[in-house]
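**Student:** I am attaching a structure below and will ask some questions about it afterwards.
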Amino acid sequence: EEFLVGFGGPDAVDHGLGGVLDFLPGEGAAEELRGFEASPGEEELFAAGAGGVEVDGGPKAFDGFGISFDNYSRTSRKVHHDTASAIFKQLEEQGQFTVKETEQLYDPTADAFLADRFVTGTCPICQNSEAYGDQCESCGSSLNATDLIDPKSTLSGSQPVLKQTKHWFLPLEKSEDFIKEWILEGHKDDWKTNVYGQVKSWIDNGLQPRAVTRDLDWGIPVPSEGGAGKVLYVWFDAPIGYISSTKEWAE
Numbered sequence: 137e138e139f140l141v142g143f144g145g146p147d148a149v150d151h152g153l154g155g156v157l158d159f160l161p162g163e164g165a166a167e168e169l170r171g172f173e174a175s176p177g178e179e180e181l182f183a184a185g186a187g188g189v190e191v192d193g194g195p196k197a198f199d200g201f202g203i204s205f206d207n208y209s210r211t212s213r214k215v216h217h218d219t220a221s222a223i224f225k226q227l228e229e230q231g232q233f234t235v236k237e238t239e240q241l242y243d244p245t246a247d248a249f250l251a252d253r254f255v256t257g258t259c260p261i262c263q264n265s266e267a268y269g270d271q272c273e274s275c276g277s278s279l280n281a282t283d284l285i286d287p288k289s290t291l292s293g294s295q296p297v298l299k300q301t302k303h304w305f306l307p308l309e310k311s312e313d314f315i316k317e318w319i320l321e322g323h324k325d326d327w328k329t330n331v332y333g334q335v336k337s338w339i340d341n342g343l344q345p346r347a348v349t350r351d352l353d354w355g356i357p358v359p360s361e362g363g364a365g366k367v368l369y370v371w372f373d374a375p376i377g378y379i380s381s382t383k384e385w386a387e
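Last residue of the sequence shown: 387 in this note's numbering, with the numbers rising by one and none dropped.
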């Protein structure tokens, strides 16, 4: 669940936008991890997870907190698919992505490429033995799954192997100077301590190209030639939900 409330000056109009990141794993190994086999359908699952049936202003779970929404959306809606796909296409047309063949961790037992959170192992920075494939919760370092020492699949418990695959990358290192100036220097006192520390750890270690696609069977299909069987990675797709929810409200 995520929500955003805009606050302006005395003459501004404030709006509450909320939504849920509700892509569920399809058939396959991810189902085994999440226990979705023989589970209710998507609507029932999220009605239960939200604490009750949705109403126009959002799930009933928020009523007790006095929270209401001008728009409560979902990332599975067509408006979000269309918006995220359009942004991806625009960035691709502008030459913002690099496409390259990489080796990604693959679980031969589960017969599936592993999403970053489906891999655990030892952090190469602080030696935490329970780091995830995208981030170490101990030192805050941003990682790639292939960085982990002695990685293990959380789907089957087996050791994954490296398998060749193609992905689209956003070269974050090209924006490192801008991010450093804007967050760490220009707005140093505007961020919560944990947010500031997290971003600082990423920049201190040097920003690296980050994949915006993944080999998964749920999510928004990559709208590009050669993108069959691939979806937009959640870190790229999810923040666009604020834009698609705003569009849905405005329309």
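Every residue, glycine too, gets a C-beta built ideally from N, C-alpha and C. Computed from a predicted structure; not experimentally measured.
Give a yes or no on contact between the segment 306-320 and the segment 338-347, applying the rule of three or more CB pairs nearer than 8 Å.
**Tutor:** Yes, since at least three Cβ pairs between the segment 306-320 and the segment 338-347 fall closer than 8 Å, the two stretches touch.
**Student:** Where do the N-terminal and C-terminal ends of the alpha helix (DSSP H) with residue 332 fall, by residue?
**Tutor:** Looking at the DSSP string, the run of the alpha helix (DSSP H) that includes residue 332 is 329-340.
**Student:** For residue 203, does the three-state DSSP call read helix, strand or coil?
**Tutor:** Residue 203: coil per DSSP, three-state reduction.
**Student:** Please list the terminal residues of the continuous alpha helix (DSSP H) segment that includes residue 226.
**Tutor:** First-last of the alpha helix (DSSP H) with residue 226: 214-229.
**Student:** Please classify residue 294: is it buried, with 16 or more other beta-carbons within 10 angstroms of its beta-carbon, or exposed?
**Tutor:** With fewer than 16 Cβ atoms within 10 Å of its Cβ, residue 294 is classed as exposed.
**Student:** Take residue 252 and list the residues in its own chain whose beta-carbon comes closer than 6 Å to its own, dropping the five residues that flank it on each side.
**Tutor:** So the list reads 269, 270, 281, once near-sequence residues are dropped.
**Student:** Which of the three DSSP states, helix, strand or coil, is assigned to residue 385?
**Tutor:** In the structure shown, residue 385 sits in a helix (DSSP, three-state: H, G or I).
**Student:** Under 8 Å: do the segment 317-337 and the segment 273-293 share three or more Cβ pairs, one atom per stretch?
**Tutor:** Counting Cβ pairs under 8 Å, three or more are found: they touch.
**Student:** Residue 300 and residue 361 - do their beta-carbons sit closer together than 8 Å?
**Tutor:** It is not a contact, given that the beta carbons lie outside the stated cut-off.
**Student:** When DSSP builds the beta bridges, which residues end up paired with residue 278?
**Tutor:** DSSP lists 271 as partners of residue 278.
**Student:** Where does residue 284 sit, in a helix, a strand or coil, going by DSSP?
**Tutor:** Reduced to three states, the DSSP call for residue 284 is coil.
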